[in-house]
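Encoded as structure tokens, the structure appears first; notes follow it.
Laid out in structure tokens, this is it:
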């Protein structure tokens, strides 16, 4: 087990990289997922169709395939995803700005894939709001946007927050794939480095990696439980 | 009572829910200041009729005009029309996350862009009128059904609508609360508000309505002043309906 102490810096570095991509991907997926959810519940049929097509595509493809498309498709289109080298953000999350584009490709794939699930979690919350609430809002003359903003969304987030949390936890675990798509040094890739290149036994290394993921997921799960309990009281 | 051109006109309106013909060639006009009560057995299409007037239910054919304008399609124009037609639902549909006062001021502030202080003042006056000014800061779930429905009426009135639609406003209420809601509606009617009321309250139909519409199987079967309708229904369907509800 001495590997956990001897190679603490490797684990910590992997943890930090995984945390970076997860924070960025969570923000991206929440924003994109919210946009897709609005499309899916919009009163305009073509917009609804776009939203539905998006969800059907990205929810039903394996994440690995989405990552392949990002890692091979974007370069084929001549893009290094440089639009993600956002000035202030790239100094905070240093991998965003590096010349090697794989972190950005992996981030795009993770965002695209997770947004489909975020959309459905948000939509399940919207569906949990009784139809009469939106009807009353419409009959007062509120527009679709006002209806969402003042009546439906303030009531839907309560029903969305728990499934949303599960989606983000799943995303953190899914991020373990990025090591296979050219991102060097994330938490799960430390296993390759320590067991393959440096000859450490696998199980202690795997325990170290597990602890790293649990540090991210367990507090998130606990936070969700608290929110859920508080809602139960409020009800 | 009725002056000038009618406010609400339905012309040969048809609507299907799948194979079910819920509105069958319905034509109706409601004058300004008129109170029209729609009665009929359940499933006769009376609620649907009420909901087509502000396009909560779109129609398949025919035409509906409100205040001289055909009902617009989905969008800003429709939102504007809806703001001029108050609607009161069977299940109240007060915004559960907002206080009674916020429920009443939301439309004026967000739709009409009124100053919050102005909207508040009018809201309090309306809540006072329906007798629940002392409940203004409570949430809907803390009120009785009758109080909630009166709040819902105040919310609709806050938009200063040209007409009010009532979709079975007392059907979800405990019997002892029906009276307080009907009192508010009767006072509105006597103030000259144009009203379309779907209800099973025959007492209200008798004393507050200018006309009674009887519907059955999606068709508008009778259209008569209440005294005439209750004394001498012409159709067999109406006679049958009245005999069933008035014997008890």
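Residue numbers (the numbering used here), protein chains in the order written: chain P, 207 to 441; chain Y, 146 to 393.
Cβ coordinates follow ideal geometry from the N, Cα and C atoms, glycine included.
Compute the Euclidean distance between the alpha carbons of residue i and residue j, then round it to the nearest angstrom.
i                      : j                      : result
residue 210 of chain P : residue 343 of chain P : 58 Å
residue 374 of chain Y : residue 368 of chain Y : 8 Å
residue 259 of chain Y : residue 278 of chain Y : 21 Å
residue 422 of chain P : residue 321 of chain P : 20 Å
residue 276 of chain Y : residue 317 of chain Y : 20 Å
residue 342 of chain Y : residue 366 of chain P : 37 Å
residue 339 of chain P : residue 297 of chain P : 45 Å
residue 373 of chain P : residue 221 of chain P : 20 Å
residue 165 of chain Y : residue 236 of chain Y : 24 Å
residue 270 of chain P : residue 224 of chain P : 17 Å
residue 412 of chain P : residue 252 of chain P : 48 Å
residue 306 of chain Y : residue 333 of chain Y : 12 Å
residue 147 of chain Y : residue 340 of chain Y : Residue confidence for residue 147 of chain Y is low, a pLDDT of 48 falling below 50, so the modelled location carries little weight; the figure read from the coordinates is stated next. Near 12 Å, if we compare the C-alpha coordinates of residue 340 of chain Y and residue 147 of chain Y.
residue 293 of chain Y : residue 387 of chain P : 58 Å
residue 359 of chain P : residue 336 of chain P : 12 Å
residue 273 of chain P : residue 389 of chain P : 11 Å
residue 268 of chain P : residue 346 of chain Y : 59 Å
residue 315 of chain Y : residue 364 of chain P : 31 Å
residue 217 of chain P : residue 410 of chain P : 12 Å
residue 252 of chain Y : residue 244 of chain Y : 14 Å
residue 255 of chain P : residue 248 of chain P : 10 Å
Quick check on residue i - is its C-beta less than 9 Å from some C-beta in chain P?
i                      : result
residue 345 of chain Y : no
residue 300 of chain Y : yes
residue 230 of chain Y : yes
residue 311 of chain Y : no
residue 236 of chain Y : yes
Does the beta carbon of residue i sit closer than 9 Å to a beta carbon anywhere in chain Y?
i                      : result
residue 348 of chain P : yes
residue 256 of chain P : no
residue 338 of chain P : yes
residue 345 of chain P : yes
residue 434 of chain P : no
residue 342 of chain P : yes
residue 356 of chain P : yes
residue 352 of chain P : yes
residue 437 of chain P : no
residue 226 of chain P : no
residue 252 of chain P : no
residue 360 of chain P : yes
residue 249 of chain P : yes
Our contact map puts residue i next to residue j with C-beta atoms below 8 Å; I'd like the distance itself, whole angstroms only.
i                      : j                      : result
residue 242 of chain Y : residue 361 of chain P : 5 Å
residue 376 of chain P : residue 385 of chain P : Not confirmed; about 17 Å, so no contact.
residue 186 of chain Y : residue 386 of chain Y : 6 Å
residue 153 of chain Y : residue 174 of chain Y : 7 Å
residue 222 of chain Y : residue 246 of chain Y : 29 Å between Cβ atoms; not a contact.
residue 356 of chain P : residue 393 of chain P : So it is not a contact: roughly 42 Å between Cβ atoms.
Worksheet item: Counting only runs that start and end within the stretch 260-296 of chain P, where is the alpha helix (DSSP H) found for 4 or more residues in a row?
Response: 269-274
Worksheet item: Within the chosen definition, does the stretch 315-326 of chain P reach the stretch 283-295 of chain P through at least 3 CB pairs nearer than 8 Å?
Response: no
Worksheet item: Between the stretch 212-226 of chain Y and the stretch 182-193 of chain Y, do at least 3 Cβ pairs fall closer than 8 Å?
Response: no
Discussion item. Just to confirm the assignment: which complete alpha helix (DSSP H) runs, minimum length 4, are found wholly within the stretch 336-403 of chain P?
Written reply: 337-345, 359-380
Worksheet item: At which residue ranges does the stretch 212-272 of chain Y contain complete beta strand (DSSP E) runs of 3 or more residues, listed in the order of the chain?
Response: 230-233
Discussion item. Three Cβ pairs or more, each shorter than 8 Å: is that satisfied between the stretch 193-202 of chain Y and the stretch 227-240 of chain Y?
Written reply: yes
Fill in: the stretch 163-183 of chain Y contacting the stretch 345-357 of chain Y, beta-carbon criterion three pairs below 8 Å
yes
Practice prompt. Could I get the ranges of all uninterrupted alpha helix (DSSP H) runs contained in the stretch 321-364 of chain Y, with 4 residues as the minimum, in chain order?
Written response: 347-353
Worksheet item: Can you list, in chain order, the stretches of the beta strand (DSSP E) that have 3 or more residues and sit fully within the stretch 147-188 of chain Y?
Response: 153-162, 165-175, 180-184
Discussion item. Taking 8 Å as the cut-off, does the stretch 286-300 of chain Y touch the stretch 315-329 of chain Y (at least 3 CB pairs, one atom from each stretch)?
Written reply: yes
Fill in: At least three beta-carbon pairs within less than 8 Å, the stretch 321-334 of chain P to the stretch 235-245 of chain P
yes
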